[in-house]
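Top line first, the protein sequences correspond to chains A and B. Residues 1 to 397, numbered by the UniProt record's numbering, are exactly what the first sequence covers, in order. Residues 1 to 397, numbered by the UniProt record's numbering, are exactly what the second sequence covers, in order. Cβ atoms here follow ideal geometry from the backbone N, Cα and C, with glycine treated the same way. Each remark here refers to the structure printed beneath this line.
There are 2 protein chains.
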Amino acid sequence: MTDFAATKAMFDLPEGIIYLDGNSLGPLPSTAGKRVNDMMAKEWGQMLITGWNKAGWMALPTALGDRIGRLIGAAPGSIVTGDTLSIKVYQAAASALELRPDRKVVLSDSGNFPSDLYMVEGLLRSLGSDYELRVVAPEDVAANITEDVAVLMLTEVDYRSGRMHDMKALTELAHANGAVTVWDLAHSAGAIPVDLTGCNVDFAVGCTYKYLNGGPGAPAFIYVAPRLADRARPALSGWLGHEAPFAFDLDYRPGTGIERMRVGTPPILQMTALSAAMDIWDMADMADVRAKSIELTELFIARVEAACPELELVSPRDPNQRGSQVSFRFDDGYAAMQALIARGVIGDFRAPNIMRFGFTPLYIDEQDVEGAVEILADIMNNRLWDAPEYKVQQRVT
Amino acid sequence: MTDFAATKAMFDLPEGIIYLDGNSLGPLPSTAGKRVNDMMAKEWGQMLITGWNKAGWMALPTALGDRIGRLIGAAPGSIVTGDTLSIKVYQAAASALELRPDRKVVLSDSGNFPSDLYMVEGLLRSLGSDYELRVVAPEDVAANITEDVAVLMLTEVDYRSGRMHDMKALTELAHANGAVTVWDLAHSAGAIPVDLTGCNVDFAVGCTYKYLNGGPGAPAFIYVAPRLADRARPALSGWLGHEAPFAFDLDYRPGTGIERMRVGTPPILQMTALSAAMDIWDMADMADVRAKSIELTELFIARVEAACPELELVSPRDPNQRGSQVSFRFDDGYAAMQALIARGVIGDFRAPNIMRFGFTPLYIDEQDVEGAVEILADIMNNRLWDAPEYKVQQRVT
């Protein structure tokens, strides 16, 4: 049984803040500062270039991949970390398309994170005008998995509403129609149990700065099913994915298995911080995390609906259809979120009118939920959001 | 006049080590540890998601770009940092090719860093079988800039020999033949004076973990000439390069100018370390750095040639043809380099037989050069490299 009091104690959370935005950027693991400091002083500072071997830097991308893999049902050796999620989306989509060269359609949905669509738009523009990115409504995906679809590319959990796709059913349907699947786990990894192996997924990608708590700009990851790993050709064919990077051959030969999905030099400071975050994940069982997450979101929804009638639930009411976040619609949601943040409850806002709250059992408990609702109710019922200082739009991520 | 004693004091260099491998990985700036620690504790830890605005994280990629720009003759607002160099090569080459859609040839040379060739190989495979990567010998580049070349892609300073291309002349010749230029500055930025504006370069890319001392996995950078910045379309079209990333539109619209070359979430820990490194660069003038670099390399060559007749100079003898490194050929170079490292002189080895030494005036002085040669001479003249422990090949970067 996961000890959530123990995991909560492993984070440096600021005094007086209830942080319901771990689905955008996870908080600081309390050991991360020292870990990065030691890495800088003892490894970079003292070992210099020899740190790539001596300190094991070169092995970090796959070592971290294996640790993430435990949370999402991926076999050891099937995940490598590096780059950003957008880059990994491009790499997965390009590799997937090459496995179905006779087809020209990538099917996705309008609930996908825009960058996924942008990256594939850019990729398809390179590939030629006979390629098509077909974007349908989330509820119409299944009906649109036709025999001209090369790649089905979806984000499992909708970043705005938290609505979940049925990964297993859609992957099966895609395979039955000859399509290759690419799943984005940005709001899944560390949020809900994922079983990439059991769902027979082909490619998956995700980021580590949200639920996994790797820090701002933490590396992304890519999964390739072991049955495809030696066939998939990375379009982003960088030297560290080469069979023999240090032979400095002029021709590219893809490395073995997941190694070929490496591109350039891995970001060791970020990876060291992520290692500290993964230590906390080692204390957790995803089934426990999910059970606790459902308790927290159910409690939050019940309390908010009782106290704030103006807020309309956008997330699925059925917890089995919902990721680890809850979103409400409110026309002045931007201002209301600013007012909440000013009172120490941090959630976020997604245009045009979504107030989004992430629930992360590793460091959020019932008391946090009750406290957040109390402040939210005060803001809503006394229209405290209706103040000029909360209405100035600024960039948020 | 740059005070090189003062810049040297700004690095944490290990006791008893002479570090001639700053062209692979620069050493630790002495303020970097505290800077990253503070960023983690005070920004990530305390500001959490709001750090993107409050701590200025979102502005770091271009702020750092401007600081790098000062060293390489780039106007403010023409460089953005992020991703790895391989990714930036891909982005630059793809964007450059789109500016000459009627041509299908990328011209490069066999002295280019292999990953640049690999990335373009992958890109061209996506674009179609009518595209060609034409790789010629470095000395044959000028003669091969013909009117079917869409993109001339070169690394200015050869990573093995240190041989420099004439950026101005080759760019002029490329333009006269209607080609777009992509210059890789991996061994130029912080090594030699570069004048991107004066040379009328179209695209340039580089890394920051070598001469710029940003740390292992520090971000890359990309330069786009201001005259092209609003025309060049990034093939890697990520959300942070969108005109309005936080509008979450489904369609990609490139942002203004260099902003469109952003892709995904920037690595803030790495960028913070790089900021500390750039503080030292603010103390330096590239003309002084170049003058000192030539003094150091001239001294090293003279001393080595006098003391170690078995070593054959691979780098150009004329300092004006040479970057900030010196390479010698020696058949047992791998073992000799291992023996050197064991004695505290760190250079590196590049297959098949190149011993490579980087000279970085910010922290290397004449005394270091004399000390390194003394040890090298001892190893060579007494065949100390001829020991089994130095002959086991292992991965080095």
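Point to revise | G128 (chain B), buried or exposed, once every other Cβ within 10 Å from all chains shown has been counted against 16 | key: Stepping through the second sequence from its first residue, residue 128 (chain B) is reached at position 128. G128 (chain B) should be labelled exposed.
task: With a 10 Å radius around its C-beta and 16 neighbouring C-beta atoms as the bar for buried, classify K292 (chain B) as buried or exposed.
output: Here residue 292 (chain B) corresponds to residue number 292 of the second sequence, with the count starting at 1. Buried, because 16 or more other Cβ atoms sit within 10 Å of the Cβ of K292 (chain B).
query: Which bits of chain C does S126 (chain A) rub up against, with CB to CB less than 8 angstroms?
result: You won't find chain C in this structure, because its protein chains are A and B.
- prompt: Taking DSSP as the reference, what is the three-state secondary structure of W385 (chain B)?
  reply: Position 385 of the second sequence, counted from the first residue, corresponds to residue 385 (chain B). For W385 (chain B), the three-state secondary structure derived from DSSP is coil.
Item checked: Interface residues of the region 163 to 197 of chain A facing chain B [CB-CB below 9 angstroms] -> Taking 9 angstroms as the Cβ-Cβ cut-off, the region 163 to 197 of chain A has no residue approaching chain B.
### Query
Where D12 (chain B) and V80 (chain B) are concerned, what is the direct C-alpha to C-alpha distance, given to the nearest angstrom?
For the purposes of this step, residue 12 (chain B) is taken as the residue at position 12 of the second sequence. For the purposes of this step, residue 80 (chain B) is taken as the residue at position 80 of the second sequence. For D12 (chain B) and V80 (chain B), the distance between alpha carbons rounds to 28 angstroms.
Using C-beta distances below 7 angstroms, list every residue in its chain close to A377 (chain A), excluding the 5 sequence neighbours before and after it, in chain order.
For this step, residue 377 (chain A) is matched to residue 377 along the first sequence. So the qualifying residues of the chain are A307 and C308.
Item to check | Per DSSP, the bridge partner or partners of I268 (chain A) | outcome: On the first sequence, residue 268 (chain A) is found 268 positions in, with the first residue counted as 1. Beta-bridge partners assigned by DSSP to I268 (chain A): none are found.
*chain B contact residues for P309 (chain A), given Cβ-Cβ distances below 8 angstroms*: If you number the first sequence from 1, residue 309 (chain A) lands on position 309. Under the 8 angstroms cutoff, chain B gives no residues; its nearest Cβ is about 27 angstroms from P309 (chain A).
With a threshold of 8 angstroms between beta carbons, is W239 (chain B) in contact with chain A?
Within the second sequence, residue 239 (chain B) is the residue found at index 239, counting from 1. Among the residues facing chain A, W239 (chain B) is included, as its CB has a counterpart in that chain under 8 angstroms away.
Hey, would you say G358 (chain B) sits closer than 8 angstroms to S324 (chain B), going by beta carbons? Here residue 358 (chain B) refers to the residue found at position 358 of the second sequence. Here residue 324 (chain B) refers to the residue found at position 324 of the second sequence. By the CB criterion at 8 angstroms, G358 (chain B) and S324 (chain B) fall inside the cutoff.
task = Flag this pair as touching only if the region 221 to 241 of chain B and the region 179 to 192 of chain A have three or more C-beta atom pairs under 8 angstroms; answer yes or no.
result = Touching, no, given that fewer than three Cβ pairs across the two stretches are closer than 8 angstroms.
(Q) So, does the region 261 to 281 of chain A touch the region 32 to 45 of chain A, judging by three or more C-beta pairs under 8 angstroms? (A) The region 261 to 281 of chain A, when compared against the region 32 to 45 of chain A, does touch it at the 8 angstroms Cβ threshold.
Might you give, ordered along the chain, the residues of its own chain that have their beta carbon closer than 8 angstroms to the beta carbon of D249 (chain A), omitting 5 neighbours on each side?
The sequence position of residue 249 (chain A) within the first sequence is 249, counting from 1. Take D249 (chain A), set aside five residues on each side of it, and the residues of its chain with a beta-carbon closer than 8 angstroms to its own are H242, in chain order.
Discussion item. Tell me the residue span of the beta strand (DSSP E) that contains M153 (chain A).
Written reply: Here residue 153 (chain A) corresponds to residue number 153 of the first sequence, with the count starting at 1. Going by DSSP, M153 (chain A) is part of the beta strand (DSSP E) stretching over V149 to T155.
| query | Between the region 250 to 278 of chain B and chain A, which residues of the former have a C-beta closer than 7 angstroms to a C-beta of the latter? | reply | If the cut-off is 7 angstroms between Cβ atoms, the region 250 to 278 of chain B has L250, Y252, V263, G264, T265, P266, P267, I268, L269, Q270 and A273 near chain A.
Worksheet item: Between which two residues does the beta strand (DSSP E) containing L133 (chain A) stretch?
Response: Within the first sequence, the letter at position 133 stands for residue 133 (chain A). E132 to V136 is the span of the beta strand (DSSP E), which, as asked, contains L133 (chain A).
Mind listing, in chain order, the continuous beta strand (DSSP E) runs of no fewer than 3 residues lying wholly within the region 60 to 111 of chain A?
Listed in chain order, the complete beta strand (DSSP E) runs (minimum 3 residues) inside the region 60 to 111 of chain A are 79 to 81 and 105 to 109.
TODO: Would you mind sorting V392 (chain A) into buried or exposed? The rule is 16 or more other CB atoms within 10 Å of its CB.
DONE: For the purposes of this step, residue 392 (chain A) is taken as residue 392 along the first sequence, with counting starting at 1. In the assembly as shown, V392 (chain A) is an exposed residue. Its beta-carbon has fewer than 16 other beta-carbons within 10 Å.
Can you tell me the Cα-Cα spacing of A235 (chain B) and C207 (chain B), whole angstroms? Taking the first residue of the second sequence as 1, we reach residue 235 (chain B) at position 235. Taking the first residue of the second sequence as 1, we reach residue 207 (chain B) at position 207. Going from the Cα of A235 (chain B) to the Cα of C207 (chain B) covers about 20 angstroms.
Notebook entry, point to check: Under a three-way DSSP split, which group does M164 (chain A) fall into?
Noted result: The residue given as residue 164 (chain A) occupies position 164 in the first sequence. Strand, per DSSP.
Problem - Minimum length 3: unbroken beta strand (DSSP E) runs contained in the region 310 to 352 of chain B - result: Complete beta strand (DSSP E) runs here, min 3: 325 to 329 and 348 to 350.
Worksheet item: Unbroken beta strand (DSSP E) runs of length 3 or more, entirely within the region 166 to 238 of chain A: which are they?
Response: Counting only runs that start and end inside the region 166 to 238 of chain A, the beta strand (DSSP E) elements of at least 3 residues fall at 180 to 184, 203 to 207 and 220 to 224.
Margin query: With a threshold of 8 angstroms between beta carbons, is A32 (chain B) in contact with chain A?
Written below: The count along the second sequence starts at 1 and reaches residue 32 (chain B) at position 32. So yes, A32 (chain B) belongs to the interface.
Q.
Determine, for M119 (chain B), whether the minimum Cβ-Cβ distance to residues of chain A falls below 8 angstroms.
A. Taking the second sequence and counting its residues from 1, one reaches residue 119 (chain B) at position 119. It does; some Cβ of chain A falls within 8 angstroms.
Compute the beta-carbon to beta-carbon distance between M278 (chain A) and T7 (chain A), rounded to the nearest angstrom, for a pair I have assumed lies under 8 angstroms.
As a position in the first sequence, residue 278 (chain A) is number 278, starting the count at 1. As a position in the first sequence, residue 7 (chain A) is number 7, starting the count at 1. With a contact defined as Cβ atoms closer than 8 angstroms, M278 (chain A) and T7 (chain A) miss out at about 12 angstroms.
Handout entry: Bridge partners - Y19 (chain B), DSSP secondary structure assignment
Key = Taking the first residue of the second sequence as 1, we reach residue 19 (chain B) at position 19. Partner(s): B:I346.
inquiry  = Can you tell me where the beta strand (DSSP E) holding G33 (chain A) begins and where it ends?
reply    = The sequence position of residue 33 (chain A) within the first sequence is 33, counting from 1. G33 (chain A) -> not in any beta strand (DSSP E); alpha helix (DSSP H) instead, spanning A32 to D38.
**Request:** Answer with buried or exposed for E366 (chain A), where buried requires no fewer than 16 other C-beta atoms within 10 angstroms of its C-beta.
**Result:** Working through the first sequence from its first residue, we reach residue 366 (chain A) at position 366. The residue in question, E366 (chain A), is exposed, as its Cβ has fewer than 16 Cβ neighbours within 10 Å.
DSSP-derived helix/strand/coil call for L13 (chain B):
On the second sequence, position 13 is the one that residue 13 (chain B) refers to. Three-state result, L13 (chain B): coil.
Exercise. Identify, in the order they occur along the chain, each residue of the same chain with its Cβ nearer than 6 angstroms to the Cβ of D158 (chain A), setting aside the five sequence neighbours on each side.
Key: Here the question's residue 158 (chain A) lines up with position 158 in the first sequence. Excluding sequence positions up to five before and after D158 (chain A), its CB lies within less than 6 angstroms of the CB of G111, all in the same chain and listed in chain order.
- Message: With a threshold of 8 angstroms on Cβ separation, who are the neighbours of R227 (chain B) within its own chain once the five nearest residues in sequence on each side are excluded?
- Response: The residue given as residue 227 (chain B) occupies position 227 in the second sequence. Excluding residues within five positions, none has a Cβ falling inside 8 angstroms.
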